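Structure first, then comments.
Numbering (my numbering), first residue to last: 9 to 361.
Spelled out as structure tokens, the structure:
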């Protein structure tokens, strides 16, 4: 007998096995990553989402805290074909419902064909289909989380010492720890500021570089970060990753839009329009830049759907990427991005991978 249920926006209810008990709701998305499940599960960009793993076995090399991208599990619930005991115990201890023993191939196909959708989950010995349906009924759309940054950002200014390199003001909209590490490893001292930091907060740091991080949800809900870009563009070099690219584009007059099912995985091909080189990238986003602002050049695009993956302005010292150059466990094709970003402090931006 099933002890877990997944209620979908389509009206279907899928039976499953409970691996971590509880009820939850969120936007149902999938990742094609076959490794890096610890990093995915602690990525703040998955906040308010139910993460489905397309790869059938999750947990086959255990759970190690040193691989975490934040200090907690971020999705509201987890779905897999099969979860190992290590991962199931971790999610149970974290209070995050998890289910397996369902056909994730069908689920991923439904998301690809119908788009990311609202869902509700009920798992445990007393779970019923009605419990899952009730969670579904309470599930907002992602764009309705108008203060989602508060869930994933630092509350106060933090400093991560690097060395003698440039000083970076990192606006934490849900930053992965690997972004901070990638900067400090290159000698930059990183001042992590809350998602709602003010111009005065940034000026108090006296940075050489403004960096807008990744994060969850709709970029239109990150007004404060957008205002920072508007204020400092042309005066400070500016960089952004993932949601950060979208925020920068909006601040400079561009538009953003919701994608059908987004890009989530470790095998997204990106083509550089200047070099014609294709690199494989890790991605996790459900929104994208629609129309790029006139002051920014689209320099990289997704091979699969043509969406903007890189925006640059040599004149204004702006470099942004939609994918995650810092990604762990990889691929590492695009790590030189951080060298190019820090290089803007001493001169015009170099060609970024």
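Built from N, CA and C at the ideal position, the CB exists for glycine as well. The model shown is predicted, which means the values in this text are computed figures rather than measured ones.
Practice problem: Check residue 339 in the structure and name its three-state DSSP category. | Solution: Your numbering for residue 339 matches position 331 in the chain shown. Collapsing the DSSP output to three states places residue 339 in coil.
Quiz item: Relative to the alpha-carbon of residue 347, which residue among 59, 338, 217 has its alpha-carbon at the smallest distance?
Solution: The residue given as residue 347 occupies position 339 in the chain shown. Residue 217 is the option with its Cα nearest to residue 347.
Quiz item: When the distance is taken between beta carbons, is residue 40 closer than 9 Å to residue 62?
Solution: To locate residue 62, count along the chain shown from 1; it is residue 54. To locate residue 40, count along the chain shown from 1; it is residue 32. It is a contact, given that the beta carbons lie within the stated cut-off.
Quiz prompt | Between the CA atoms of residue 185 and residue 166 - distance to the nearest angstrom | solution = Position 158 of the chain shown holds residue 166. Position 177 of the chain shown holds residue 185. Each residue's Cα considered, the two are about 13 Å apart.
Practice problem: Could you tell me which uninterrupted beta strand (DSSP E) segments, each at least 3 residues in length, are contained entirely in the region 231-265, listed from first to last along the chain? | Solution: As far as the region 231-265 is concerned, its whole beta strand (DSSP E) runs of at least 3 residues are 246-249.
Quiz item: Based on Cα-Cα distance, which residue from 94, 54, 220, 170 lies nearest to residue 204?
Solution: Against the chain shown, residue 204 aligns to sequence position 196. Selected option, being the one with the closest Cα: 220.
Practice problem: Within the same chain, show all residues whose beta-carbon is closer than 6 Å to that of residue 359, passing over the 5 residues directly before and after it, in chain order. | Solution: Taking the first residue of the chain shown as position 1, residue 359 is located at position 351. For residue 359, the pLDDT reaches just 38, beneath the cut-off of 50, and the residue's location in the model is therefore unreliable, although a value from the coordinates is still provided. The same chain holds no residue with a CB closer than 6 Å to that of residue 359 once the five nearest residues on each side in sequence are set aside.
Quiz prompt | Simplified DSSP state of residue 346, which is helix, strand or coil | solution = Counted from its first residue, the chain shown places residue 346 at position 338. If DSSP states are grouped into helix, strand and coil, residue 346 belongs with the helices.
Quiz item: What are the boundary residues of the beta strand (DSSP E) that residue 23 is part of?
Solution: What you label residue 23 is simply residue 15 of the chain shown in a count that begins at 1. It spans 21-28 - the beta strand (DSSP E) in which residue 23 sits, taken as one unbroken run.
Exercise. Check whether the Cβ atoms of residue 44 and residue 337 lie closer than 9 Å to each other.
Key: Working through the chain shown from its first residue, we reach residue 44 at position 36. Working through the chain shown from its first residue, we reach residue 337 at position 329. In terms of Cβ geometry, residue 44 and residue 337 form a close pair [threshold 9 Å].
Practice problem: Helix, strand or coil for residue 60, going by three-state DSSP, please let me know. | Solution: Working through the chain shown from its first residue, we reach residue 60 at position 52. If DSSP states are grouped into helix, strand and coil, residue 60 belongs with the strands.
Practice problem: Quick one: using the 10 Å Cβ neighbour count with 16 as the cut-off for buried, is residue 314 buried or exposed? | Solution: Position 306 of the chain shown, counted from the first residue, corresponds to residue 314. Exposed, by the Cβ-count rule.
Quiz item: Is the region 134-142 touching the region 53-70 in the sense that three or more CB pairs, one from each, lie closer than 8 Å?
Solution: Output reads no: the region 134-142 does not touch the region 53-70.
Quiz prompt | Limits of the beta strand (DSSP E) - the one that residue 78 falls within | solution = Here residue 78 refers to the residue found at position 70 of the chain shown. Going by DSSP, residue 78 is part of no beta strand (DSSP E) at all; its letter is neither H nor E.
Self-check item: Opening and closing residue of the beta strand (DSSP E) in which residue 188 lies
Solution: One-based indexing of the chain shown puts residue 188 at position 180. Segment 185-192 is the alpha helix (DSSP H) holding residue 188; no beta strand (DSSP E) there.
Practice problem: Please name the residue, chosen from 241, 196, 225, 229, that lies closest to residue 207 on a Cα-to-Cα basis. | Solution: On the chain shown, residue 207 is found 199 positions in, with the first residue counted as 1. Cα-wise, what sits closest to residue 207 is 241.
Quiz item: residue 310 to residue 304, Cα distance in whole Å?
Solution: Along the chain shown, read from residue 1 onward, the residue named residue 310 stands at position 302. Along the chain shown, read from residue 1 onward, the residue named residue 304 stands at position 296. The alpha-carbon separation between residue 310 and residue 304 amounts to approximately 17 Å.
Quiz item: If you draw a straight line from the alpha carbon of residue 252 to that of residue 132, how long is it in whole angstroms?
Solution: Translated into the one-based positions of the chain shown, residue 252 becomes position 244. Translated into the one-based positions of the chain shown, residue 132 becomes position 124. Distance between the alpha carbons of residue 252 and residue 132 is about 38 Å.
Practice problem: Identify, in the order they occur along the chain, each residue of the same chain with its Cβ nearer than 8 Å to the Cβ of residue 112, setting aside the five sequence neighbours on each side. | Solution: On the chain shown, residue 112 is found 104 positions in, with the first residue counted as 1. Only 38, 60, 61, 62, 64, 87, 88, 89 meet the Cβ criterion.
Quiz item: Based on the DSSP secondary-structure assignment, which residues constitute the bridge partners of residue 310?
Solution: Walking along the chain shown from the start, residue 310 turns up at place 302. For residue 310, which the question treats as bridged, DSSP gives the partners 278.
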